[in-house]
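Have a look at the structure below, then the notes.
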Amino acid sequence: MVEYGNGVGEVAGRSGGGGQSMDVGASLSQLVTDSVNTISTMPPAALLLGVVIIVVGLMMLKRVF
1415 MVEYGNGVGE VAGRSGGGGQ SMDVGASLSQ LVTDSVNTIS TMPPAALLLG VVIIVVGLMM
1475 LKRVF
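FYI, in my numbering the residues of the sequence shown are 1415 to 1479.
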């Protein structure tokens, strides 16, 4: 926004934080909500592939340890 005289008054990229502490409960709630939303919108083939990858990974871990 250099055209409006805000070239020096505002940081590039809008750095976040603002000195406030992060709300861990809200952060965990967003994590769960976003994960459920992502999984619920995935097509069945992608869900099946994910399950296969997880099962194969667990079998490999069982074999190593």
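Using N, Cα and C, we set each Cβ at its ideal position, and we do this for glycine too.
C-alpha gap between residue i and residue j, whole angstroms
i             : j              : result
arginine 1477 : valine 1469    : 12 angstroms
alanine 1460  : valine 1466    : 10 angstroms
proline 1458  : threonine 1452 : 12 angstroms
valine 1446   : serine 1454    : 12 angstroms
leucine 1463  : alanine 1440   : 31 angstroms
N-terminal and C-terminal residue of the alpha helix (DSSP H) that residue i is part of
i              : result
proline 1458   : 1458 to 1478
aspartate 1437 : Per DSSP, aspartate 1437 belongs to no alpha helix (DSSP H) and is neither H nor E.
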